[in-house]
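Going left to right, the sequence shown walks through residues -2 to 87 as our numbering numbers them.
Note that CB positions come from ideal geometry on N, CA and C, so glycine has one too.
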Amino acid sequence: MPDRLTEDYCYKCGGCTSICPVSGSGFKPHKFIAEVALGIGSGAEVWRCLTCRECMEVCPQGVNIPEVVRSERVNDLAVPVAHKGIFQSL
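Right under this line is the structure:
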């Protein structure tokens, strides 16, 4: 199954959240995808994702969550201080 860039394919099974290494810190991939699909925006949560792709390995719908995260980061103007130095060095 090809990677799906659209969050519309997610049916909120929670498999991605169960395997996510940062779900304990508050980032819930399936909830993040639902917020993006509704146009709510994710705020600081988008910066918690490691984009490790573990979620894609278990997603039965093939939703490319890391790519959705990257797209949301591009649109986020509130880059956390910890990330600003990284971006400035690129």
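Apart from the five residues on each side of it in sequence, which residues of its chain come closer than 8 Å, Cβ to Cβ, to residue i?
i     : result
Arg45 : Val19, Ser22, Gly23, Phe24
Arg67 : Thr48
Which residues in the same chain as residue i place their Cβ atom closer than 7 Å to its Cβ, once the five residues preceding and following it in sequence are excluded?
i     : result
Cys52 : Cys13, Ile16, Cys17, Pro26, Ile62
Taking 6 Å as the limit between beta carbons, can you name the residues of its chain near residue i, skipping five residues before and five after?
i     : result
Arg70 : Val43
For residue i and residue j, what's the separation of their Cα atoms in angstroms?
i     : j     : result
Gly59 : Gly11 : 13 Å
Tyr8  : Ile37 : 17 Å
Asp5  : Leu47 : 22 Å
Asn72 : Lys28 : 18 Å
Pro57 : Ala41 : 27 Å
Which term fits residue i, buried or exposed, when burial requires 16 or more other beta carbons within 10 angstroms of its beta carbon?
i     : result
Glu54 : exposed
Cys49 : exposed
### Query
Quick one: any contact between the segment 31 to 38 and the segment 51 to 64, if contact means 3 or more CB pairs under 8 Å?
No, because fewer than three Cβ pairs between the segment 31 to 38 and the segment 51 to 64 fall closer than 8 Å, the two stretches do not touch.
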